[in-house]
Amino acid sequence: MLVRAWTRISFDPVVMGGQACIRGLRIPVATIVKLAASGRSTEKILENYSDLEAEDVAEALRYAAALAEERLLGG
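According to my numbering, the sequence shown holds residues 361 to 435 in order.
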């Protein structure tokens with residue numbers, strides 16, 4: 361389970377169905393991670409999403425990395 365406090369990632373059941381989003385905006389973390397994974401630079405992401413800041417993109421990537429490090433317990 362992720363224990364870290366995320367300062368730029370929010371979870372709200374009425375915003376994007378509870379998906380992890382950036383600062384309560386209707387911008388899912390998954391969208392940012394997919395863009396970065398496809399080769400988009402932070403600068404280009406910021407051009408396309410004017411409400412975002414560079415630290416939002418960085419924290420989205422850190423969040424994705426933390427999820428990838430989680431271990432599933434049980435069978």
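Note that beta-carbon positions come from the ideal geometry of N, C-alpha and C, so glycine has one too.
From the options, residue whose alpha carbon lies closest to that of residue i
{"i": "ALA414", "options": "ALA424, SER401, ALA425, ALA426", "result": "SER401"}
{"i": "TRP366", "options": "ASP416, LEU395, ALA396, LYS404", "result": "ASP416"}
{"i": "GLU419", "options": "GLY399, GLN379, VAL393", "result": "VAL393"}
{"i": "TYR409", "options": "LEU432, ALA428, LEU395", "result": "LEU395"}
Which of helix, strand or coil DSSP assigns to residue i
{"i": "ILE382", "result": "strand"}
Contacting residues, own chain, Cβ-Cβ under 8 angstroms from residue i (five flanking each side not counted)
{"i": "CYS381", "result": "ILE369, SER370, PHE371, ASP372, VAL375, ILE387, PRO388, VAL389"}
Per DSSP, the bridge partner or partners of residue i
{"i": "PRO373", "result": "Bridge partners of PRO373: none, in fact."}
Cut-off 7 angstroms between Cβ atoms - residues of its own chain near residue i, not counting five sequence neighbours on either side
{"i": "ARG364", "result": "ALA426"}
Chain-order list of residues whose beta-carbon lies under 6 angstroms from that of residue i (same chain, five-residue window excluded)
{"i": "GLN379", "result": "PRO388"}
{"i": "GLY384", "result": "SER370"}
{"i": "ASP411", "result": "LEU385"}
{"i": "ILE405", "result": "LEU395, VAL417"}
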